[in-house]
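Numbering-wise, the working numbering comes out as the position in the sequence shown, counting from 1, plus 44. Backbone N, C-alpha and C define an ideal beta-carbon position, used for all residues, glycine too.
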Amino acid sequence: MIDENREVCLCFHVPLGKLLKFYRIRRLNVPSDFARCHGAGTGCGWCVPHLERLFEQLQRGEAPEPEMTFEEYRARRAIYHREKKPMLPPSADADGALDIDLDEIIDRVPDDMKLD
Ligand code: FES
Numbered sequence: 045m046i047d048e049n050r051e052v053c054l055c056f057h058v059p060l061g062k063l064l065k066f067y068r069i070r071r072l073n074v075p076s077d078f079a080r081c082h083g084a085g086t087g088c089g090w091c092v093p094h095l096e097r098l099f100e101q102l103q104r105g106e107a108p109e110p111e112m113t114f115e116e117y118r119a120r121r122a123i124y125h126r127e128k129k130p131m132l133p134p135s136a137d138a139d140g141a142l143d144i145d146l147d148e149i150i151d152r153v154p155d156d157m158k159l160d
């Protein structure tokens, strides 16, 4: 028996049961539609592949099967958070001047987010 109280999106505390009900009522077309269910998947991004897997299982008419225990799920998310590095410019020198290569920073911005 699957635990429907088990949270899938830990950022927004969205349990599996809510996602299942949302899927049934809203007839989702793509996994990202889960975002309309209390913001599932729109925080750190950890749960996105798990939401995609859940969506695929439901599309095939299968009962959702967790890949791991909840404790392992939470532990892996903690590792994900630790290893995910934000793209920040280098910190200021003690002398005050910033050594920033603006072109390098702009190159890191995804094309669809660049302004003309
Ligand atoms: S755990 Fe779902 S967005 Fe962070």
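Which stretch, first to last residue, makes up the alpha helix (DSSP H) that contains V92? Within the sequence shown, numbered from 1, the residue matching residue 92 stands at position 48. First-last of the alpha helix (DSSP H) with V92: V92 to Q103.
Buried or exposed for P133, please, with buried defined as at least 16 other CB atoms from any protein chain shown within 10 angstroms of its CB. Your numbering for residue 133 matches position 89 in the sequence shown. Any reading at P133 needs caution, since the residue's pLDDT is 48, under 50, leaving its predicted position unreliable; the model's value is listed next. Around the C-beta of P133, fewer than 16 other C-beta atoms lie within 10 Å, and the residue is accordingly described as exposed.
Within 7 Å: the Cβ of C53 and any heavy atom of the ligand FES? Taking the sequence shown and counting its residues from 1, one reaches residue 53 at position 9. C53 Cβ: within cutoff of the ligand FES.
For V74 and E96, the rounded distance between their alpha carbons: The residue labelled residue 96 in the question sits at position 52 within the sequence shown. The residue labelled residue 74 in the question sits at position 30 within the sequence shown. Each residue's Cα considered, the two are about 8 Å apart.
Spatial neighbours of N49 in its chain, beta-carbon cut-off 7 Å, leaving aside the 5 residues before and after: If you number the sequence shown from 1, residue 49 lands on position 5. Its chain contains P59 and G61 as the residues whose beta carbon lies nearer than 7 Å to that of N49, once the 5 sequence neighbours on both sides are disregarded; these appear in chain order.
Terminal residues of the alpha helix (DSSP H) in which E116 lies: Position 72 of the sequence shown, counting from 1, holds the residue named residue 116. Start and end: F114 to E127.
To the nearest angstrom, how far is the alpha carbon of R120 from that of H94? On the sequence shown, position 76 is the one that residue 120 refers to. On the sequence shown, position 50 is the one that residue 94 refers to. Near 12 Å, if we compare the C-alpha coordinates of H94 and R120.
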